[in-house]
Every structure is written in structure tokens, then in C-alpha cells.
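The structure appears below as C-alpha cells.
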Amino acid sequence: AAAGYTLPFPVADGAGAVRLAAELEERTAAVYGDLVRACEGDRRAAAAEALREAAVRAVRWRGGSVAFPGLTERSDEPTAPVAPQT
4 AAAGYTLPFP VADGAGAVRL AAELEERTAA VYGDLVRACE GDRRAAAAEA LREAAVRAVR
64 WRGGSVAFPG LTERSDEPTA PVAPQT
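Under this note's numbering, the first residue of the sequence shown carries the number 4, and numbering increases by one thereafter.
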């Protein structure tokens, strides 16, 4: 069955699926970052926890991190994947 939404880029293989997973987690972190800025109290704490969790998942998929998770879409330069440390 065809997806009911448009993907941000074509996903033809496993590497593309991993890239998509990282992209989606980064976008999710960005939304939670906006919520952290807009809320107070318990809702802000819950949003901050969700932001942290999304950022951790993005790092696991991408193999690297950004300085300020949740703000990557606001930078002028795209982030490059970092090779995982073994």
C-alpha cells in the first residue's frame, strides 16, 4: 500500500531508511524544542524530557549529534553525519 504522506526524500534501501529515521527524530526534537520554549511547569518538563529522548534516538540513528538538539532546522548549514566511535 502506498503511504498517505510524502517522504522528505526517496528511501530505496536500508541506508535511506536509517537516514529517514534520523531526520524524523530531529524534526520531532525541533517540535519539542518549540514546546519547551512555549510552556511552563509540568508541561515544559515533559516537553524537555521528550526533546531529550528524541535527540538520543536521532544520535543513535545518525551516529553523531548537534550542539543544540531541536534547533538543527534553524541553522543555515545542513548537519553532516558523524562516523560512530567504536
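Note that CB positions come from ideal geometry on N, CA and C, so glycine has one too.
- Leu38 is a Cβ neighbour of Ala50, given a cutoff of 9 Å.
- Leaving aside the five residues that flank Arg55 on each side, none in its chain has a CB nearer than 7 Å to its CB.
- In this model, Ala15 and Gly44 are separated by some 43 Å (Cα to Cα).
- The Cβ atoms of Ala61 and Glu29 lie closer than 9 Å to each other.
- The shortest CA-to-CA distance from Val59 to any of Ala32, Leu10, Arg40 is the one to Ala32.
- When DSSP states are grouped into helix, strand and coil, Val21 belongs to the helix group.
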